[in-house]
Amino acid sequence: MITAHALVVALIFSVSLNGYSQTAARQAGNTRPRSQERSLPRATPEAVGMSAERLSRIRPTIQQYVDQGKIAGAITLVIRRGRVAHLEAVGRMDESKPMREDAIFRIASMTKAVTSVAVMMLHEEGKLLLNDPVSKYIPEFKGAQVAVSSDDKKSYTLAPAKSEITIRQLLTHTSGITYQFIGAEPWAKLYKDAGISDGLIQSEGKIADNVKKLAKLPLMHQPGERYSYGLSTDVLGYLVEVVSGMTLDEFFRERMFRPLAMRDTHFFVPEEKLNRLAAVYNQLPDGRIKRMGDERDERSYLTYSASFQYKGPRTYYSGGAGLVSTINDYARFLQMLLNGGELDGARILSRKTVELMTVNHVGELFGAQGFGLGFSVVRDLGKGHELGSVGQYGWGGFYYTNFFVDPKEQLICIFMSQLYPANDVKLHERFRTLAYQAMVD
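All residue numbers for the sequence shown refer to our numbering, where the first residue is 1 and numbers rise by one.
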């Protein structure tokens, strides 16, 4: 019979041994880093209706691309029914550093989903309506004009906008606002001459400054008549600041990142985390890759940098391209959406708001597929030419990151690497296929 004294001694020994084992393992690099302590729960693939044997096809595919010198490294994550079935880091995050599960990536346009959620949070609080004109909150957009380009693209005439830009049109990229690096004349030159930042370089001042300059420029088309990807989400970022009375950085941290335990998602990388920031690689004309330095890369109307999130001003919070994150942090954000707006007791949105965000709002304007309030949306599986489900939503980032969420299958998949340009690499498309083919229920 075990005495009370013996039980206490055993308990103390167990706790002591467990503490020693965790410390020793951490020193040996065998446990998850502190930043991953709030990871989503793991499960065997079979426990969530997936095949371990089929999921094992992912690693050699990624490794092949590393061995061929097409990418330096990548992390892939597959979550089903709220549990991690696959998470692997392959290759290197820098010249001599192996890729690690808590590596930090520039997620660029995957920031757009976060900003869109912030807008919808304010919508839920009754502080704005989706069909409100943007000028109600940012007066500089009042009286917008549209640039009508000549046939030879060398000149344009101005015509008054038929209607004001609405918040919904910013969320769906049908506002007529574009990016200068899209390269279409005359807007690319107009943006460049006006000193508009695309959010991919060291930017002086604040997002308000860029948006107010942008508001003075003509639109690419009449509001609501076309889909034109661009700085609409940066305008939304400033809108969040105006309506909430907080900087976008503060709003994200206080209203989303802390409640969701997204401890490694930032606009600018803290000094103590720089050793975890993955390097960006450029694809050369012959297909080989080369590590990008701190200098800017200029290609016609495209100017981008790998260093703006740790070197230079730290005042410009780009709602469309500014964040860095880990695959674990972004998974928590996506799981919140898949759960209908809640994760681990933190409710960010209502279920009905998530439903609204993840249906098509643009008719045929986005081509074969649809676009919701911040994401692309699959509306016809046959026209998508890939495995998936109707209702699947997702997006990607400039530096070669990508995600999709399939509510029907309760599936989240994230791919993260750091490469620009990627040209014909098409690795995240292969990853999508490899994730879906592993489903067995």
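Beta carbons are placed, not taken as given, at the ideal position from N, Cα and C, and that holds for glycine.
The beta strand (DSSP E) enclosing residue i, as first and last residue numbers
{"i": "M93", "result": "R83 to D94"}
{"i": "K290", "result": "I289 to R291"}
{"i": "Y330", "result": "It is not in any beta strand (DSSP E) - Y330 instead sits in the alpha helix (DSSP H) that spans I327 to L338."}
{"i": "S116", "result": "Where S116 is concerned, there is no enclosing beta strand (DSSP E), although the alpha helix (DSSP H) it sits in stretches over T111 to E124."}
{"i": "R80", "result": "G73 to R80"}
{"i": "L158", "result": "Y156 to P160"}
{"i": "G382", "result": "Where G382 is concerned, there is no enclosing beta strand (DSSP E), although the alpha helix (DSSP H) it sits in stretches over L381 to G384."}
Through-space distance from residue j to residue i, alpha-carbon basis
{"i": "P133", "j": "E140", "result": "11 Å"}
{"i": "A89", "j": "T433", "result": "18 Å"}
{"i": "G382", "j": "Q369", "result": "10 Å"}
{"i": "V324", "j": "F105", "result": "5 Å"}
{"i": "N328", "j": "L158", "result": "47 Å"}
{"i": "E272", "j": "Q145", "result": "46 Å"}
{"i": "G29", "j": "D102", "result": "With a pLDDT of 36 at G29, under the threshold of 50, the modelled position of that residue is not reliable, and the figure given next carries that caveat. Cα to Cα, G29 sits roughly 12 Å from D102."}
{"i": "L449", "j": "I62", "result": "Since the displayed the chain opens at 1 and closes at 441, residue 449 lies outside it and no answer follows."}
{"i": "G367", "j": "T166", "result": "22 Å"}
{"i": "H86", "j": "I75", "result": "10 Å"}
{"i": "P421", "j": "F398", "result": "8 Å"}
{"i": "L171", "j": "H123", "result": "12 Å"}
{"i": "A161", "j": "G293", "result": "43 Å"}
{"i": "V377", "j": "G394", "result": "7 Å"}
{"i": "V235", "j": "T44", "result": "43 Å"}
{"i": "Q309", "j": "Q202", "result": "8 Å"}
{"i": "D406", "j": "F268", "result": "30 Å"}
{"i": "T174", "j": "K97", "result": "42 Å"}
Simplified DSSP state of residue i, which is helix, strand or coil
{"i": "A422", "result": "coil"}
{"i": "G245", "result": "coil"}
{"i": "I177", "result": "coil"}
{"i": "D406", "result": "strand"}
{"i": "L214", "result": "helix"}
{"i": "R430", "result": "helix"}
{"i": "E106", "result": "For clarity, residue 106 is Arg in the given sequence; the question names Glu instead. Strand."}
{"i": "T31", "result": "Because the pLDDT of T31 is 36, which lies under 50, any placement of that residue in the model is unreliable, and the number read from its coordinates should be weighed accordingly. T31 falls in the coil class under three-state DSSP."}
{"i": "F259", "result": "It is Pro, not Phe, that sits at residue 259 in the sequence shown. If DSSP states are grouped into helix, strand and coil, P259 belongs with coil."}
{"i": "E53", "result": "helix"}
{"i": "S232", "result": "helix"}
{"i": "G237", "result": "helix"}
{"i": "F371", "result": "strand"}
{"i": "M99", "result": "coil"}
{"i": "L223", "result": "Position check: residue 223 holds Pro in this sequence, whereas Leu was assumed. If DSSP states are grouped into helix, strand and coil, P223 belongs with coil."}
{"i": "P133", "result": "strand"}
{"i": "A147", "result": "strand"}
{"i": "T207", "result": "Note that residue 207 is Ile in the sequence shown, not Thr. If DSSP states are grouped into helix, strand and coil, I207 belongs with the helices."}
Identified DSSP bridge partners for residue i
{"i": "D297", "result": "Y304"}
{"i": "Y281", "result": "R291 and L419"}
{"i": "W187", "result": "According to DSSP, W187 bridges with nothing at all."}
{"i": "P270", "result": "DSSP output for P270 lists no bridge partner at all."}
{"i": "R347", "result": "E342"}
{"i": "M439", "result": "M50"}
Limits of the alpha helix (DSSP H) - the one that residue i falls within
{"i": "V362", "result": "First-last for V362: undefined, no H or E at that position."}
{"i": "Y65", "result": "I58 to D67"}
Chain B contact for residue i (CB, 8 Å cutoff)
{"i": "I207", "result": "Note that chain B does not occur in the displayed structure, where there is just one protein chain."}
The ligand ATP heavy atom lying under 7 Å from the CB of residue i
{"i": "G372", "result": "This structure simply doesn't include the ligand ATP, nor any ligand for that matter."}
Three or more C-beta pairs below 8 Å linking the segment 310-318 and the segment 204-220: Result yes; three or more Cβ-Cβ pairs closer than 8 Å.
Is there contact here, the segment 423-441 with the segment 51-71, by at least three beta-carbon pairs under 8 Å? Counting C-beta pairs with one atom in each stretch, the segment 423-441 and the segment 51-71 have three or more that are closer than 8 Å, which means they touch.
Three or more C-beta pairs under 8 Å: does that hold for the segment 298-309 against the segment 422-432? Between the segment 298-309 and the segment 422-432 there are fewer than three inter-stretch CB-CB distances shorter than 8 Å, so the stretches are not counted as touching.
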